[in-house]
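> FYI, our numbering numbers position 65 of the sequence shown as 54, with every residue one higher than the one before it.
Okay, handing you the structure first.
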Amino acid sequence: MIRPFVSVYIPTKNRKNLLLRAFKSVIEQTYKKIEIIIIDDGSTDGTAYLLKELSFQYSNLKVISLKCSVGAPTARNFVIKTAQRGLITRLYNDQLHLNYSSNQVLAEKKRIIDVGSYY
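Right under this line is the structure:
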């Protein structure tokens, strides 16, 4: 069985402490075929420095840094263009992925073949 690829994107702006917690919850997933895309919507609180440090440590992290705020819809479009093909799921920076979240999403996707959006 081919294991599908999952892209988890985390939009953020000026919430670096919450972002780090959310990021770690994705890294600690039992499902490892995960790409993490963090889109920074013009943060001014040191988020850019944190993301630079994390990108050196994690090869599965992609960072999209925007100089100025573009809002959620435009940021989402950047993510869709950047993400590898497969399942794309969002995690807000004040949320956590439970340890088996990716496995549960994949199981539901397999059950419902034609999924456009899943929450």
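Heads up, the beta-carbon is just placed ideally off N, CA and C, and yes, glycines get one too.
1) Might you give, ordered along the chain, the residues of its own chain that have their beta carbon closer than 8 angstroms to the beta carbon of Tyr81, omitting 5 neighbours on each side?
2) Distance check for Glu42 and Val(-3), CA to CA, integer angstroms please.
3) Grouping DSSP H, G and I as helix and E and B as strand, with all else coil, what is Tyr(-2)?
4) Where Thr33 and Ile16 are concerned, what is the direct C-alpha to C-alpha distance, given to the nearest angstrom?
5) Taking only three categories from DSSP, how would you classify Ser14?
6) Quick one: is Ala61 buried, meaning 16 or more other Cβ sit within 10 Å of its Cβ, or exposed?
7) Verify whether the separation of the beta carbon atoms of Val59 and Ile26 is less than 7 angstroms.
8) List the endpoints of the continuous alpha helix (DSSP H) containing Lys41.
The answer reads as follows:
1) Result list for Tyr81: Ile(-1), Pro0, Ala11, in chain order.
2) Looking at the backbone, the Cα of Val(-3) and that of Glu42 are separated by about 19 angstroms.
3) Tyr(-2): strand per DSSP, three-state reduction.
4) Going by the C-alpha atoms only, they are around 25 angstroms apart.
5) Helix at Ser14.
6) Exposed is the label assigned to Ala61, since fewer than 16 other Cβ atoms lie within 10 Å of its Cβ.
7) No.
8) Where Lys41 is concerned, the enclosing alpha helix (DSSP H) stretches over 36 to 46.
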